[in-house]
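When we follow the working numbering, the leftmost residue of the sequence shown carries the number 18, and every step to the right adds one. Beta carbons are placed, not taken as given, at the ideal position from N, Cα and C, and that holds for glycine. Notes for the one structure printed next.
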Amino acid sequence: MTSFVHVDQPTEHPGVSRAGAAFSELRNTRLDTVGAAGLAALLLSIIVAALVVGADHLADSLEDGGLLTAWLVMWAVVFVVMALVANRVGALFVRARTGWNAYSQRRAAAAADAKFLAYARYDTRVMHELQAATTRHEASQSATLVPARQLARQLVAERSAAAEVPTLYEAMRRVNLGKYY
18 MTSFVHVDQP
28 TEHPGVSRAG
38 AAFSELRNTR
48 LDTVGAAGLA
58 ALLLSIIVAA
68 LVVGADHLAD
78 SLEDGGLLTA
88 WLVMWAVVFV
98 VMALVANRVG
108 ALFVRARTGW
118 NAYSQRRAAA
128 AADAKFLAYA
138 RYDTRVMHEL
148 QAATTRHEAS
158 QSATLVPARQ
168 LARQLVAERS
178 AAAEVPTLYE
188 AMRRVNLGKY
198 Y
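Quick look at the structure:
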C-alpha cells in the first residue's frame, strides 16, 4: 500500500521575504522634500551626522580635558543644526497634530453614530425618524439626478438629429471597403 506524506515547507526563507518587503517599502518611500529647501535640509542633516561621528572619534582619542571640549563642540553643532531645521520640524509636528485631531474627530463621530444606531434598534420612534431622514436624503439626491439624465438624453437626441444618415449605397460601400483594409 502506498502512502503519501505532505510536508508543508515554505518555498522562501522568512528573512528573505522580510528583507524584500523592507526594500520595496524603501523604494516606495518618497522623501518629503520640497525643492531646494528640502535638498538643503537633507544635505545639512548628512553633514551633521558626519560631524557627530567625527566628533565621537575625536573624543575617543583625546584625554579628559580634550574630551569635555569635544563634547561641547559636538553638542553646539547639534543645537545649531536643530535651530536651523526647527521650522521644518515644527511644520511636520503641526501636520501630524492636525492629522491626529482629524482622526480623533472621525473616531468620535463613528462612535456617536454607532451609539445612535444601537439606540435606534431598541426605540422604534427613533428608527422611523432615521428611515424618514434617509428617504428624504435619497429623494433629494434623485431629484438632482433626474434633470442630469434628462439633459443627457436631450443632448444625445440633438446629436442624433444633427448627424447625417448615410444612404444604403454609402453604408454598403463602407462595409465592402472595410473588408479590404
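Under 8 Å, do residue 61 and residue 109 count as touching if we go by C-beta distance?
Mapped onto the sequence shown, residue 61 falls at position 44. Mapped onto the sequence shown, residue 109 falls at position 92. No, they are not a contact pair.
Considering only heavy atoms of the ligand NAD, does any lie closer than 7 Å to the CB of residue 195?
For the structure depicted, the ligand NAD is absent and the ligand set is empty, with no information on it obtainable.
Whose C-alpha, out of 104, 103, 73, is nearest the C-alpha of residue 92?
Indexing the sequence shown from 1 puts residue 92 at position 75. Here the closest residue by C-alpha is 73.
Tell me the rounded alpha-carbon separation between residue 50 and residue 126.
Indexing the sequence shown from 1 puts residue 50 at position 33. Indexing the sequence shown from 1 puts residue 126 at position 109. Caution applies to residue 50, whose pLDDT of 47 falls short of 50 and renders its modelled position unreliable; the value that the coordinates give is listed next. Cα to Cα, the separation comes out at about 34 Å.
For residue 87, is the classification buried or exposed, using 16 other Cβ atoms within 10 angstroms of its Cβ as the cut-off for buried?
As a first step, residue 87 must be located in the sequence shown, where it is residue number 70. With 16 or more other Cβ atoms within 10 Å, it is buried.
Could you compute how far the alpha carbon of residue 89 sits from the alpha carbon of residue 116?
Sequence index remark: in the sequence shown, residue 89 carries index 72 (1-based). Sequence index remark: in the sequence shown, residue 116 carries index 99 (1-based). One C-alpha to the other measures close to 38 Å.
Whose CA, out of 41, 94, 42, 40, lies closest to the CA of residue 66?
To locate residue 66, count along the sequence shown from 1; it is residue 49. Between residue 66 and the set 41, 94, 42, 40, the nearest pair of CA atoms involves 94.
Could you pull the start and end residues of the alpha helix (DSSP H) that residue 25 belongs to?
Reading the sequence shown from its first residue, position 8 is the one you call residue 25. That residue, residue 25, is in no alpha helix (DSSP H); it is neither H nor E in DSSP.
Nearest-angstrom Cα separation, counted from residue 105 out to residue 38:
Locating residue 38 in the sequence shown gives position 21, counting from the first residue. Locating residue 105 in the sequence shown gives position 88, counting from the first residue. Their Cα atoms are separated by approximately 29 Å.
Quick check: residue 153 and residue 144, are their CB atoms within less than 8 Å of each other?
As a working mapping, residue 153 is identified with position 136 in the sequence shown. As a working mapping, residue 144 is identified with position 127 in the sequence shown. No. Outside cutoff.
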